[in-house]
Amino acid sequence: MKKDIRYKTIDGRGEHESFRDCLTQAVNEIGHGEGIHVIKDFEPFPMYKMMESKGFDKYVEKISDTEYHAYFYPAESEEAIEMEAHLNVDHAKVKKIIKIKLDFLEGRITLEQAKAEMNASFKEVTAQEFAICEQYLQKYGISDDTLAERMEEILEIFKDVLVSDKLDLKEGHPIRTYLDETDAIKAVLNDMQRLLQKRFIKNQWLEIYEKLDKINIHFSRKQNQLFAALERKGFDKPSKVMWTLDNNIKAILKKAQTFLEENKDEAFLELQHEVIEMIKDMMVKEIEILFPTSMELLTEEDFVLMRKGDDEIGYCLIPDPKPYKGQSEAGENLGVGSEFMSDLTLLLKKHGVLDQKKQDDVLDVSQGKLTLEQINLIFKHLQVDLSYVDENEIVKFYSDTKHRVFPRSAGVIGRKVQNCHPRESVDTVERIIKAFRSGEQDQAEFWLELGGKFIYIIYNAVRDEAGNFRGILEMMQDVTHIRSLTGSQRLLSWDQEDKDGSEAVKVESKDTSEANASQAHTSQAHTSQADTSQADTSAAKNKVDENAYGIEPSTILGDIVKVYPFIRDYMLGLSPKFAKLKNPILFKTMSSVATLEMIGERGGLEIEDLINKIVSQIDLYKKKV
0 MKKDIRYKTI
10 DGRGEHESFR
20 DCLTQAVNEI
30 GHGEGIHVIK
40 DFEPFPMYKM
50 MESKGFDKYV
60 EKISDTEYHA
70 YFYPAESEEA
80 IEMEAHLNVD
90 HAKVKKIIKI
100 KLDFLEGRIT
110 LEQAKAEMNA
120 SFKEVTAQEF
130 AICEQYLQKY
140 GISDDTLAER
150 MEEILEIFKD
160 VLVSDKLDLK
170 EGHPIRTYLD
180 ETDAIKAVLN
190 DMQRLLQKRF
200 IKNQWLEIYE
210 KLDKINIHFS
220 RKQNQLFAAL
230 ERKGFDKPSK
240 VMWTLDNNIK
250 AILKKAQTFL
260 EENKDEAFLE
270 LQHEVIEMIK
280 DMMVKEIEIL
290 FPTSMELLTE
300 EDFVLMRKGD
310 DEIGYCLIPD
320 PKPYKGQSEA
330 GENLGVGSEF
340 MSDLTLLLKK
350 HGVLDQKKQD
360 DVLDVSQGKL
370 TLEQINLIFK
380 HLQVDLSYVD
390 ENEIVKFYSD
400 TKHRVFPRSA
410 GVIGRKVQNC
420 HPRESVDTVE
430 RIIKAFRSGE
440 QDQAEFWLEL
450 GGKFIYIIYN
460 AVRDEAGNFR
470 GILEMMQDVT
480 HIRSLTGSQR
490 LLSWDQEDKD
500 GSEAVKVESK
510 DTSEANASQA
520 HTSQAHTSQA
530 DTSQADTSAA
540 KNKVDENAYG
550 IEPSTILGDI
560 VKVYPFIRDY
570 MLGLSPKFAK
580 LKNPILFKTM
590 SSVATLEMIG
600 ERGGLEIEDL
610 INKIVSQIDL
620 YKKKV
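Residues in the sequence shown are numbered from 0 upward in steps of one, following numbering that gives the first Met the number 0.
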């Protein structure tokens, strides 16, 4: 126990309701040279992790089975953090910067006083020095919540002294790619500012927000790739603090899109200045602090590995960048699937299960015999996304399926699962882990509607045969199509599709015999089609006029979608020219005014053929019902 500090005593024996609030207040009010002395009637295990996260060490004395004394004191700040091993820093300078920050954050000096002291103490502070001081603050009990909420004030303190190296990087370098994306985003913000000076035209803003939607790719790659690499160097503040700032931008963009969709023009326009400022602020933090610090902390090997994972997620408003040097020489080992295979192979070799000369040996799995290649192919072709976190809360595996619900990249492997989620979700993640680890729960499920899709997520506790907790398996699936199914499907799906295609214009029959007769008649009509093209065109037109649903060239698409929502997704696949309509706002706007004749002309489709296809889909739906 450290005896050279003052302890505030909290006697929590018998207290449960008010104890936590009392402890939280004491932690918030603690100053330099102070600690907390807790007396409990049991060993206070639940406090250990919480106090450690706030920068406290501990010493515990057991007086009796019903009396424990726990002394919590600030951890030694002089102990170097992991991040420091990768940077060349002036320790005296870092210590002085931390003191100014602490004095301000703990209320001993004002913002103006802190800024004046910083300016008087230093001519300049580098991005790397700023970043390492942020990382050190955790040792003094400054929470990530505090940093996120007060980041603007902190940056103001450094406004006159913070300097960043201008990065001149070769095309294809991952940091150069981020910089190119920020330039592209700036161009969109400039277009927004110009539009704000003009008369409001909804379609112009729809195009702007279709571009801004791509910013999610920028965030996703940063969170899954760059943050993961920085965490491996001991720098986890971006994933804990900047992730929150990114999510705030997502939230305001969603709010603005809602205003635009609901034709709340004034509210939408009033929000645009805040949208622009938030995105600009995010890019300033990236350019002045995040990217220069990344260049100092990460190695060439880190960037080569990162480049491969970047391709898996994609890029924001820019073409795919050139390959980065060393990528071709590194070969397939950079892929997460290959990395998983390589690790598994080495493990099996170590235990003598797999002969080094026989990579295609058959393995005894739980139920059957498979090669490593077959195991990997099974994972790759599953219609559900899998992720596995081990008992140490480390992400060990994810299935590399073609169309993941949410993006993943190789950078996630080896990360603490808490760092793979925004700060607002970490409490839920830890609750799940705790309940699974203790055996209190074995399953947690969630579902959400996202971009017109219905996503189902389920977490299962993984236990060995002895019942020991071995981790968590996450399964995620887009179940939009599954939710729309009704009745029975007894034919092969492709046979059903062929059948429905051949009967696209069949009128519903009153009984089975009439339906069979109608089918035979339709078949005969198709047989003679090649020889009677002119007559067939006229017949098709008549069939369009006679469909049971009253659908004609002048029918508004939105009226059909209201009754038959599945027609929306069907329409999007009819023509490459409809790709932009995947944006739900754009589709809703278009469908409310566009007739089928207009849509057919835009997509290069014959109106008779378009209507017959729609009728066919509705017929199929009604048969299933």
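Idealized CB from N, CA, C, for every residue including glycine.
Delimiting residues of the alpha helix (DSSP H) encompassing residue i
i	result
Arg220	Ile214 to Arg220
Tyr135	Ala126 to Tyr135
Glu634	No statement about residue 634 is possible, as the shown extent of the chain runs from 0 to 624 and does not include it.
Phe103	His90 to Leu104
Phe267	Asp264 to Lys284
Thr8	Taken as a continuous stretch (DSSP letters only), Thr8 belongs to no alpha helix (DSSP H), being part of the beta strand (DSSP E) at Arg5 to Asp10.
Cys419	Run containing Cys419: none; DSSP gives neither H nor E here.
Phe633	With the chain covering only 0 through 624, there is no way to say anything about residue 633.
Range of the contiguous beta strand (DSSP E) that encloses residue i
i	result
Glu66	Glu66 to Pro73
Glu60	Phe55 to Ser63
Arg482	Counting along the chain, Arg482 falls outside any beta strand (DSSP E), though it belongs to the alpha helix (DSSP H) covering Thr479 to Ser483.
Ile141	First-last for Ile141: undefined, no H or E at that position.
Glu600	Taken as a continuous stretch (DSSP letters only), Glu600 belongs to no beta strand (DSSP E), being part of the alpha helix (DSSP H) at Leu595 to Gly602.
Phe396	Val394 to Tyr397
Val361	No beta strand (DSSP E) holds Val361; DSSP gives it neither H nor E.
Supposed close pair residue i, residue j - CB separation, criterion 8 Å
i	j	result
Thr181	Glu285	6 Å
Ile278	Ile248	6 Å
Thr176	Pro320	5 Å
Arg12	Ile29	Their Cβ separation, rounded to whole angstroms, is 21 Å, which puts Arg12 and Ile29 out of contact at 8 Å.
Gln476	Asn459	Contact doesn't hold; Cβ gap of about 14 Å is too wide.
Beta-carbon proximity list for residue i, same chain, < 6 Å, skipping 5 on both sides
i	result
Ala183	Leu316 and Ile317
Phe258	Ala266 and Phe267
Tyr47	none
Asp245	Phe218
Ala538	Residue confidence is low: Ala538 scores 40 on pLDDT, short of 50, so the model does not pin down where it sits. No coordinate-derived value is stated.
Asp164	Pro291
Span separating the alpha-carbon of residue i from that of residue j
i	j	result
Lys368	Tyr314	40 Å
Val614	Tyr620	10 Å
Asp568	Leu609	14 Å
Asp212	Lys232	31 Å
Glu148	Ala578	39 Å
Gly451	Phe586	11 Å
Pro575	Asn202	20 Å
Leu110	Phe157	11 Å
Ile393	Ser591	48 Å
Lys622	Ser487	9 Å
Tyr72	Glu51	10 Å
Leu161	Ser365	58 Å
Lys433	Ala69	23 Å
Asp242	Gly34	For the record, residue 242 in the displayed sequence is Trp; it is not Asp. C-alpha separation (whole angstroms): 31 Å.
Arg430	Gly549	54 Å
Asp167	Ile214	23 Å
Gly140	Gln224	28 Å
Gly553	Glu230	It should be noted that the sequence gives Ser, not Gly, for residue 553. Each residue's alpha carbon lies about 58 Å from the other.
Simplified DSSP assignment, three categories, for residue i
i	result
Phe453	strand
Tyr323	coil
Ser386	strand
Ala443	strand
Gly557	helix
Asn189	helix
Ala547	coil
Thr243	helix
Gly308	helix
Tyr458	strand
Glu473	strand
Asp301	helix
Leu252	helix
Lys114	helix
Glu42	coil
Glu123	coil
Glu261	coil
Same chain, Cβ closer than 8 Å to residue i, five either side skipped, listed in chain order
i	result
Met589	Leu556 and Leu580
Lys210	Val187 and Leu316
Ser5	The sequence given here has Arg at residue 5, not Ser. Here the set comprises Gly32, Glu33 and Gly34.
Residues near residue i in its chain [Cβ-Cβ closer than 7 Å; skip 5 each side]
i	result
Gln533	With a pLDDT of 40 at Gln533, under the threshold of 50, the modelled position of this residue cannot be trusted; read the value that follows with caution. Taken in chain order, the list of residues that qualify is empty.
Phe41	Tyr67
Asp264	Phe199
Phe18	Gly11
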